[in-house]
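Asker:
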Amino acid sequence: MKRLLILITLLSAFTGLFAQTPETPSATALESSFDFASYTVAAPAGLIAAAPSNNMYNAAIPGKGFSIMALVSKANPKNLERLAENGAKSAGIVKPELKALDLSDGISGYTASARKNNRIVTFALMHQGSTLITLLVLEPESLTPAGPAIVSSLKQR
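In my numbering, the protein residues as written are 1184 to 1340.
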């Protein structure tokens, strides 16, 4: 049993050395911000926002495969967790493992992330009072995705 544990430890250490290769992009640095409605999130530099439409806000980095979508609406859902799970599934996360969020300014909700088609999808559904905030972050695959950090940086302006 002891040999097996040593073998597993050595194997995991060895494979960890080669996990980040030049072909695997590193994490996106969050050097800027994306403002929507009365909220803001940290974002990578070079993000270009489109004009909002029906409380839907979009921003992307051209040619990089990185985009953020936000939807702000008035709602008071009875079961936010189930709504977040269904939203994550419709975003392409097959078996969402929801993580609870408790951010500043009374913002709380749920988030889930997964790899899909060489991309990382991060979905979050949060509420502040009777305002429902939906965030979807699509980014190129990397070992340290920026999506969860973007979602966690949400705050009211």
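Note that CB positions come from ideal geometry on N, CA and C, so glycine has one too.
Suppose the cutoff is 8 Å on Cβ atoms and the five residues either side in sequence are ignored; what does the same chain contact list for residue 1197 look like?
Answerer: In this prediction, residue 1197 scores a pLDDT of 48, lower than 50, which makes its location untrustworthy; no coordinate-derived value is stated.
Asker: May I ask whether a heavy atom of the ligand NAP can be found less than 7 Å away from the beta carbon of residue 1305?
Answerer: This structure simply doesn't include the ligand NAP, nor any ligand for that matter.
Asker: Should residue 1245 be labelled buried (16 or more other beta-carbon atoms within 10 Å of its own) or exposed?
Answerer: It is exposed - the Cβ of residue 1245 has fewer than 16 other Cβ atoms within 10 Å.
Asker: So, with DSSP's three-state summary, where would you put residue 1241?
Answerer: In this structure, residue 1241 counts as strand in the three-state DSSP scheme.
Asker: Hey, which unbroken runs of the alpha helix (DSSP H) at 4 residues or more fall wholly within the stretch 1238-1286?
Answerer: Listed in chain order, the complete alpha helix (DSSP H) runs (minimum 4 residues) inside the stretch 1238-1286 are 1263-1273.
Asker: Around the Cβ of residue 1326, are there at least 16 other Cβ atoms within 10 angstroms (buried) or fewer (exposed)?
Answerer: Looking at its Cβ environment, which holds fewer than 16 other Cβ atoms inside 10 Å, residue 1326 is exposed.
Asker: Please list, in chain order, all residues of the same chain as residue 1259 whose beta carbon is under 6 Å from its beta carbon, the five residues on each side excluded.
Answerer: Closer than 6 Å at Cβ, skipping near neighbours: 1313.
Asker: Can you find the residues in the same chain that come closer than 6 Å, C-beta to C-beta, to residue 1311, ignoring five residues on each side of it along the sequence?
Answerer: 1289 and 1290, listed in sequence order.
Asker: Taking the straight line between their C-alpha atoms, what separation do you get for residue 1329 and residue 1264?
Answerer: Distance between the alpha carbons of residue 1329 and residue 1264 is about 23 Å.
Asker: In the DSSP assignment, find the beta strand (DSSP E) that holds residue 1155 and state where it starts and stops.
Answerer: Only positions 1184 to 1340 of the chain appear in this structure, which leaves residue 1155 out of reach.
Asker: In whole angstroms, what separates the C-alpha of residue 1335 from that of residue 1256?
Answerer: Cα to Cα, residue 1335 sits roughly 19 Å from residue 1256.
Asker: Helix, strand or coil: how does DSSP classify residue 1295 here?
Answerer: Residue 1295 falls in the strand class under three-state DSSP.
Asker: Between the alpha carbons of residue 1302 and residue 1261, how many angstroms are there, rounded?
Answerer: Their Cα atoms are separated by approximately 32 Å.
Asker: So what's residue 1233 in DSSP terms, helix, strand or just coil?
Answerer: Residue state, collapsed to three classes: coil.
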